[in-house]
Amino acid sequence: MSIQQDKAIRLEERRATALKGGGEKRIEAQHAKGKMTARERLALLLDEGSFEEFDTFVQHRCTHFGMEASHPDGDGVVTGTGTIGGRPVAVFAQDFTVNGGSLSKTMSEKICKVMDQAMKTGIPVIGLNDSGGARIQEGIDALAGYAEIFERNILASGVIPQISGIFGPCAGGAVYSPALTDFTLMVRGTSHMFLTGPAVVKSVTGEEVDQETLGGADVHATRSGVAHFAAENEQEGIGTLRQLLSFLPQNNRSEAPARPSEDPAGRACPELDGLIPDAANQAYDMYSVIGSIVDEGEFFEVHRDFAPNIIVGFAHLGGRSVGIVANQPAKMAGVLDINASRKAARFVRFCDAFNIPLVTLVDVPGFLCGTQQEYGAIISNGAKLLYAYGEATVPKVTVTLRKSYGGAHIVMSCKQLRGDINYAWPSAEIAVMGAKGAVGILKGVEEKDYEDLFCNPYQAAQQGYIEDVILPRDTRWRVIRALAYLDGKRLDLPPKKHDNLPL
Ligand code: HXC
């Protein structure tokens, strides 16, 4: 055997060892917990054979507390590039089999390298987290590593899509990287996010709480809103990440992706004509409206279980990727509260940053009132949504189905917030407030008279505040036609260092 052949064999042997991460035993332990390894996750996430690994042989430099005895190749993270649906992405996956995926300085350097590459080339970054947090043996170096990652998360925000999958523990300051990214997915039962774990919580506050109740997928998908998606298992979660990517452009300079659609752009939706109930306080399901108008009836929902009184998500219309924001009359009558405002504002800002047109479906009775909402700053939180719509320069098409009252009317992408095309159904009621409230204030005014005068779309139409009153059945093709016309829309904001939205 020649020297060069021998070197080639040694390379393959060394690579084979590196690919095993922390070794067979730890891989088995990972599987026993119902978890995949970092490499197994990447193999599922990326198109087959597309993974190009970086820094396979990087090793940690720690010399404390026995760390000097072991230097596994690759350290606790697998990084590189690959494709999803044929489009390039940068990826990192923390490897729990190596020191519990805990973050060393060299791990952070590996992660920062792929993030820098992604920024240079304008491709999304997907991070799969499964880590015990800062590598305790490295002390301050590990913290510096986190800060390097956070700074890159911040600089990449609004430039390239950043997506976090939480597939194991993600605790302490480590949670702030996912929190800075655009979308976070968690897996039920095996992933947890919290700033301080159950033991510390007990010692500080005396509260007894388990990991799942403190920071499980359901908690963050329904209560805190930290997670946009909660998956049943890792396979489903990775499928969701792939699907999400299909709606997003590669970066802020690319157009939203389009795909050919079999669904005729001119298709009428006669089922919508009888949808609005005669009684104003009767609910209907906004999902059926979305399902009727979008291509093939396919809607990819974001934040499904958080603030269900507003619906946000992606769909295609005439083949174009669009962001849909819709009040949901079937939940709390579609009222805007703190969480609904936060949820929709973040989604609107994402779509605007990444050139994804916004289609807004309005049926909103107003903002939720009461001390709980006022003390929780519904004023500042409602202003976030107002700000997001008013700031957005992407095409904005709005259809008012029924109620559109008061401040909520303004916030939900009205004409004066630089709405491009605003339509209303004949059932629309665009007014300062509902008839009952109005006659309670205007003494001597009959409810019927108020309704006849104001609870319709024609006051707004007469002023040019909406472009047209359209039949429900025509909604799909009218919106598609509006979006086609708006394709070349270009609108700038005044020059400024950055804005100061009411955080
Ligand atoms: C070094 C760590 C580690 C860490 C785990 N390990 N976390 N090594 N630094 N942070 C090691 C363990 O010692 C163990 O090594 C191996 O990884 C697997 O861990 P286990 O505890 O056996 O696994 P499990 O029972 O599944 O428990 C997982 C865990 C637990 C819940 C994550 O390990 C844990 O509580 N770790 C510490 C979490 C933590 O407090 N991290 C620091 C937070 S502060 P051996 O060789 O024994 O198998 C922080 C600050 C970030 O992160 C600030 C950013 C700004």
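Each residue of the sequence shown is one higher than the one before, starting from 7 at the first, in this note's numbering. Idealized CB from N, CA, C, for every residue including glycine.
So does the region 395 to 408 actually touch the region 346 to 365, counting three or more Cβ pairs closer than 8 Å? Touching, yes, given that three or more Cβ pairs across the two stretches are closer than 8 Å.
- Query: Excluding sequence positions up to five away, which residues of its chain have a Cβ less than 8 Å from the Cβ of residue 489?
  - Reply: For residue 489, where only same-chain residues beyond five positions count, the Cβ hits under 8 Å are 323, 324, 326, 328, 363, 365, 401, 403.
Handout entry: Per-residue DSSP class, three states only, for residue 312
Key = The answer is coil: DSSP assigns residue 312 none of H, G, I, E or B.
Review point. Taking 7 Å as the cut-off, is the CB of residue 141 close to at least one heavy atom of the ligand HXC?
Key: Correct: residue 141 has its Cβ closer than 7 Å to the ligand HXC.
Query raised in the report: Taking residue 258 as the reference, which of 358, 144, 498, 247 has the closest Cα?
Result: Distance from the Cα of residue 258 is smallest, within the candidate group 358, 144, 498, 247, for 358.
(Q) Taking the alpha-carbon of residue 32 as reference, which of 13, 20, 104 has the nearest alpha-carbon? (A) Restricting attention to 13, 20, 104, the CA atom closest to the CA of residue 32 is found in 104.
Which residues does DSSP pair with residue 100 in a beta bridge? Paired residue(s): 83.
Cβ-based neighbour list, residue 383, same chain, cut-off 8 Å, excluding 5 preceding and 5 following
Excluding positions up to five away in sequence, the list reads 344.
Problem set entry | residue 16, buried or exposed, once every other Cβ within 10 Å from all chains shown has been counted against 16 | Exposed is the label assigned to residue 16, since fewer than 16 other Cβ atoms lie within 10 Å of its Cβ.
Checklist entry - Would residue 36 be called buried (16 or more neighbouring beta carbons within 10 Å of its own) or exposed? => result The residue in question, residue 36, is buried, as its Cβ has 16 or more Cβ neighbours within 10 Å.
Strand pairing of residue 364, partner residues [DSSP]: Partner(s): 329, 402.
Do you know offhand how far residue 252's Cα is from residue 238's? Between residue 252 and residue 238, the C-alpha separation is close to 21 Å.
*asked:* Please list the terminal residues of the continuous alpha helix (DSSP H) segment that includes residue 112.
replied: Annotation for residue 112: the continuous alpha helix (DSSP H) segment containing it runs 111 to 127.
Report task. Whole angstroms is fine: what's the gap from residue 148's alpha carbon to residue 74's? Result -> Rounded to the nearest angstrom, the two C-alpha atoms are 16 Å apart.
Any contact between the region 84 to 93 and the region 150 to 166? By contact I mean 3 or more CB pairs, one from each, below 8 Å.
With the cut-off at 8 Å, the region 84 to 93 and the region 150 to 166 do not touch.
Classify residue 134 as helix, strand or coil using the three-state DSSP reduction.
-> The answer is strand: DSSP assigns residue 134 an E or B state.
Self-check item: When 28, 291, 277 are compared against residue 80, the one with the closest alpha-carbon
Solution: Ranking the options by Cα distance to residue 80, first place goes to 28.
Quick one: is residue 429 buried, meaning 16 or more other Cβ sit within 10 Å of its Cβ, or exposed? Counting Cβ neighbours within 10 Å, residue 429 comes out buried, since at least 16 surround it.
Requested in this report: Using beta-carbon positions only, say whether residue 187 and residue 159 come within less than 8 Å of one another.
Outcome: In this structure, residue 187 lies near residue 159, with their beta-carbon atoms less than 8 Å apart.
If we count the other Cβ atoms within 10 Å of its Cβ and call it buried at 16 or more, is residue 409 buried or exposed? Buried is the call here.
How many angstroms separate the CA atom of residue 192 from the CA atom of residue 458? In this structure, the CA atom of residue 192 is about 50 Å from the CA atom of residue 458.
Using the three-state DSSP reduction, which class does residue 510 fall into: helix, strand or coil? Missing from the structure shown is residue 510; the chain here goes from 7 to 509 and no further.
First and last residue of the beta strand (DSSP E) that includes residue 427?
DSSP places residue 427 inside the beta strand (DSSP E), whose first and last residues are 427 to 430.
| query | residue 409 bridges to which residues according to DSSP? | reply | Beta bridge pairing from DSSP links residue 409 with 435.
Quick check: the Cα distance between residue 475 and residue 464, rounded to an integer number of angstroms? Note on geometry: alpha-carbon atoms of residue 475 and residue 464 lie some 8 Å from one another.
**Prompt:** Any idea what DSSP makes of residue 196, helix, strand or coil?
**Reply:** Looking at residue 196 - three-state DSSP - the assignment turns out to be coil, as it is neither helix nor strand.
- Query: For the ligand HXC, any of its heavy atoms closer than 7 Å to the Cβ of residue 108?
  - Reply: Yes, the beta carbon of residue 108 sits closer than 7 Å to at least one heavy atom of the ligand HXC.
*If you pair each beta-carbon of the region 113 to 126 with each one of the region 57 to 65, do three or more pairs fall below 8 Å?*
Yes, the region 113 to 126 is in contact with the region 57 to 65.
Worksheet item: Is the region 174 to 183 close to the region 129 to 138, with three or more CB pairs under 8 Å?
Response: Segments in contact, yes.
Exposed unless 16 or more other CB atoms sit within 10 angstroms - verdict on residue 491: When all chains shown are included, residue 491 counts as exposed.
- Task: Out of 309, 440, 69, point me to the one whose CA is closest to residue 371's CA.
- Result: Measuring from the Cα of residue 371, the nearest candidate turns out to be 440.
Compute the beta-carbon to beta-carbon distance between residue 388 and residue 423, rounded to the nearest angstrom, for a pair I have assumed lies under 8 Å. In fact, because the Cβ distance is near 13 Å, the residues do not count as touching under 8 Å.
Label residue 9 either buried or exposed according to how many other C-beta atoms from any shown protein chain fall within 10 Å of its C-beta, with 16 as the threshold for buried. Using a 10 angstroms sphere on the CB of residue 9, the tally of other CB atoms stays under 16, which defines it as exposed.
Give the secondary structure of residue 469 by DSSP, where H, G and I count as helix, E and B as strand, and everything else as coil. Annotated three-state conformation of residue 469 is coil, per DSSP.
Looking at C-alpha atoms only, which residue of 244, 145, 367, 289 is the closest neighbour of residue 337?
Ranking the options by Cα distance to residue 337, first place goes to 289.
Item to complete: Starting from the N-terminal side, write out each stretch of the beta strand (DSSP E) that is 3 residues or longer and does not extend beyond the region 24 to 60.
Response: Complete beta strand (DSSP E) runs here, min 3: 58 to 60.
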